[in-house]
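Peer 1:
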Amino acid sequence: MAAAPAGAGDGATAAAARAIEEEARALLPSPAPGGGYDDGDEEDLEERAYEAAEKVIVCISDGPDPESGGDDDAALCSSSGAAPPFSWRKLWLFTGPGFLMSIAFLDPGNLEGDLQAGAVAGDTLLWLLMWATAMGLLVQLLAARLGVATGRHLAELCRDEYPDWARRALWLMAEVAMVGADIQEVIGSAIAIKILSRGYLPLWAGVVITALDCFIFLSLENYGVRKLEAVFAFLIATMAISFAWMFTDTKPNGKDLLIGILVPKLSSRTIRQAVGVVGCVIMPHNVFLHSALVQSRKIDQNKEYQVREALRYYSIESTIALAVSFMINLFVTTVFAKGFYGSKEAGNIGLENAGQYLQEKFGGGFFPILYIWGIGLLAAGQSSTITGTYAGQFIMGGFLNLRLKKWVRALITRSFAIVPTIVVALFFDTSDSALDVLNEWLNVLQSIQIPFALIPLITLVSKEQVMGVFKIGPNTQAVTWTVATLLITINGYLLMDFFSSEIRGPLSGSLLCVAVLVYASFVLYLILRGTEFSEKIVKAIRNSFS
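1 is the number of the first residue of the sequence shown in my numbering; add one for each residue after it.
(1) Express the C-alpha separation of ALA181 and PHE399 in angstroms, rounding to a whole number.
(2) Go ahead and pull the three-state DSSP assignment for VAL56.
(3) Under 7 Å, do PHE151 and GLN301 count as touching if we go by C-beta distance?
(4) Counting only the same chain and skipping the five closest in sequence on each side, list residues whose C-beta sits under 8 Å from that of LYS361.
(5) Taking only three categories from DSSP, how would you classify ARG152?
(6) For ILE450 versus ILE282, is the C-beta distance shorter than 7 Å?
(7) Report the residue from GLY122, ALA205, LYS90, VAL479 whose alpha carbon sits nearest the alpha carbon of ILE261.
(8) Could you check the C-alpha separation between GLY40 and GLU51 for me, to the nearest Å?
(9) Excluding the 5 residues preceding and the 5 following LEU128 in the sequence, name in chain order all residues of the same chain whose CB lies nearer than 8 Å to its CB.
(10) Please return the same chain residues whose Cβ sits closer than 8 Å to the Cβ of VAL225, not counting the five positions on each side in sequence.
(11) Taking buried to mean at least 16 other C-beta atoms within 10 Å of its own C-beta, is VAL335 buried or exposed?
(12) In the DSSP output, which residue or residues are listed as bridge partners for ARG297?
(13) What do you reckon, are the CB atoms on SER521 and ASN491 nearer than 7 Å?
(14) Just verifying my parser: in three-state terms, what is the DSSP assignment at ILE316?
(15) Below 6 Å CB to CB, which residues in the same chain sit around ILE418 once its five sequence neighbours on both sides are set aside?
(16) Between ILE236, ILE422, VAL332, LEU170, which lies nearest to ILE386 when the distance is taken from Cα to Cα?
(17) Apart from the five residues just before and just after ALA337, which ones in its own chain have a Cβ nearer than 6 Å to its Cβ?
(18) To test your reading of the DSSP string, which unbroken alpha helix (DSSP H) runs of 4 or more residues are found completely within the region 160-199?
(19) Could you tell me whether the Cβ atoms of SER189 and GLY473 are closer together than 7 Å?
(20) Could you please give the first and the last residue of the uninterrupted alpha helix (DSSP H) stretch that includes ASN110?
(21) To which residues of the same chain is VAL186 closer than 6 Å at the C-beta, ignoring the five residues directly before and after it?
(22) With a CB to CB cut of under 7 Å and the five nearest residues on each side skipped, what residues in its chain are close to ILE527?
(23) Quick check on DSSP: helix, strand or coil for SER343?
(24) Identify, in the order they occur along the chain, each residue of the same chain with its Cβ nearer than 8 Å to the Cβ of ILE503, setting aside the five sequence neighbours on each side.
(25) Hey, quick one: how far does the alpha helix (DSSP H) through ARG226 stretch, first residue to last?
(26) Using a Cβ-Cβ cut-off of 7 Å (strictly less than) and excluding sequence neighbours within five positions of LEU141, which residues of its own chain qualify?
(27) For TRP373, which residues in the same chain have their Cβ closer than 6 Å to its Cβ, ignoring the five residues on either side in sequence?
(28) Within 10 Å of its beta-carbon, does ASN329 have 16 or more other beta-carbons around it, so buried, or fewer, so exposed?
(29) Does VAL514 pass the burial test, meaning 16 or more other C-beta atoms within 10 Å, or should it be called exposed?
(30) Quick check on this structure: which residue in VAL120, SER291, TYR493 has the alpha carbon closest to the alpha carbon of LYS344?
(31) For my contact list, VAL453 and VAL287 are in at a C-beta cut-off of 8 Å; report their separation, rounded to the angstrom.
(32) May I ask which residues mark the beginning and end of the alpha helix (DSSP H) holding LYS255?
(33) Would you grab the beta carbon distance between SER291 and ALA484 for me? Rounded to a whole angstrom, and I think it's under 8 Å.
(34) Would DSSP call SER87 helix, strand or coil?
(35) For a quick check, are the C-beta atoms of ILE395 and ALA134 less than 7 Å apart?
(36) Please check the pair PHE232 and PHE331, which I expect to be a contact at CB under 8 Å, by giving their CB distance rounded to whole angstroms.
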């Protein structure tokens with residue numbers, strides 16, 4: 001395809017020629033393995049989060065300057081190299097990825113953490129929920145920064161950054177984390193279906209329904225990214241309305257609510273719930289997901305002002321999205337604090353029996369609270385299951401550089417999770433306590449994976465070779481490493497507390513010690529890799545063997 005003629009007279013003609021050329025390139029078939037185009041570049045052989053034709057255009061026009069009488073559309077762009085002023089319309093065009101990311105803060109696992117924190121600790125951990133959400137926002141903003149500034153997502157960059165053995169280990173950890181989260185999400189959705197069907201549909205049937213309708217929702221992407229984002233907006237709105245309705249029905253004490261948010265309180269009796277609240281904030285697969293979602297907008301990484309503008313709008317959108325998720329989590333926590341704090345049922349409430357406890361405590365009303373809870377839980381399960389599948393596609397494609405059709409990748413990703421989930425549903429659909437035990441093990445599985453998303457993320461956004469002028473500064477690095485250390489330490493406490501009660505006998509203890517040693521060594525490798533200290537160690541080891 002020939003480029004626009006050098007002698008083209010005006011900017012509009014040149015812009016039109018460039019647009020036609022880009023569309024033509026997007027229509028070219030994917031290169032065959034080992035083959036290539038005569039004028040193609042190496043990137044055509046790499047997996048992309050979004051093809052050019054799929055991206056949402058946020059720069060409506062490169063046409064006339066709005067100050068010279070141009071229309072409103074032209075005001076959304078700048079041809080002078082400087083970012084245009086803030087535009088609500090442009091914020092709307094960037095709105096979507098942050099709300100998809102926020103789903104991980106509202107999945108069934110988080111809702112279970114909320115209800116248990118409310119039942120056991122009352123309103124005393126609301127301050128921790130707020131600050132944990134703020135820490136999650138910081139991590140997700142780093143993920144968005146990485147994706148926007150580089151034009152590539154975390155899994156793709158890890159593929160290039162680390163040696164083959166480390167890359168495969170990181171991919172395996174990410175897949176395991178995603179499958180663990182997916183099991184919780186699908187089970188949560190299946191519990192909601194069981195509630196809304198009045199028990200006629202068992203858990204395994206709910207699992208199958210969730211797996212199938214996930215493909216139906218994902219097929220909406222064929223009609224444009226914005227259609228899929230609209231579905232998520234509807235599901236988030238459903239959660240907000242459902243849990244706000246419950247909040248209004250139960251009439252919590254406003255004074256206790258404010259004190260819980262503003263006054264930090266922590267006791268030995270609530271330490272486990274506190275760890276659970278913080279531990280649920282960082283979902284490893286969500287870090288990979290957000291770094292890919294931000295690429296759904298058409299941004300030229302070679303134009304610094306476009307990248308800065310995108311980062312500004314994404315920061316605003318992500319903050320609003322997580323503020324909404326915080327309010328929804330707050331609704332759930334306060335409802336169960338009002339109903340069960342200090343009661344004998346407080347220690348027995350889980351996702352499976354929460355609806356029944358609510359019904360017995362607060363009764364029917366205009367619309368039975370059991371079904372309001374079921375609708376909110378179904379929206380949480382469905383939305384988080386879809387984003388989990390979405391994340392799985394990016395993780396697999398990025399780490400392994402697989403150029404597969406999206407429906408094929410979705411089928412593979414679904415299969416990874418749906419088969420073990422059906423087995424789990426058949427085996428654990430016997431009692432509430434069995435599902436609680438399963439949930440504890442899945443939370444442990446998630447906690448183990450957190451360093452393998454956080455450390456590569458912070459390492460990459462701190463490197464000038466990767467980020468250029470958009471690398472984070474020393475102060476931001478200090479804050480992010482402090483937050484990462486805090487999160488890893490808290491999850492380490494959770495793991496030690498869990499394994500100290502579960503592991504018995506010398507053989508099990510020895511195996512656990514070996515596993516901890518290997519795990520800690522890999523985490524240390526990720527932290528120290530590329531530093532002067534690690535280079536000195538490698539040099540010393542080589543000299544000792546030479």
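Each residue gets a CB set at the ideal place from its N, CA and C atoms; glycine is no exception.
All values reported here derive from a predicted model rather than from experimental measurement.
Peer 2: The answer reads as follows:
(1) 19 Å
(2) strand
(3) Position check: residue 151 holds Gly in this sequence, whereas Phe was assumed. In this structure, GLN301 lies closer than 7 Å to GLY151 by Cβ.
(4) GLY339, PHE340
(5) coil
(6) yes
(7) GLY122
(8) Only weak support exists for where GLY40 lies, its pLDDT of 42 falling under 50; the coordinates are left without a value.
(9) PRO264, LEU266, ALA274, VAL277, VAL278
(10) TYR50, GLU54, LYS55, VAL56, GLY96, SER296
(11) buried
(12) VAL56
(13) no
(14) helix
(15) ALA211
(16) ILE236
(17) GLY118, GLY122, ASP123
(18) 164-196
(19) no
(20) 108-121
(21) VAL207, THR210, THR385, THR421
(22) ILE455
(23) coil
(24) GLY509, LEU512
(25) 225-250
(26) SER315, SER318
(27) GLY355, LEU358
(28) buried
(29) exposed
(30) VAL120
(31) The sequence given here has Ala at residue 453, not Val. ALA453 to VAL287, Cβ: 4 Å. Contact.
(32) 254-262
(33) Their Cβ separation, rounded to whole angstroms, is 16 Å, which puts SER291 and ALA484 out of contact at 8 Å.
(34) coil
(35) no
(36) Not confirmed; about 19 Å, so no contact.
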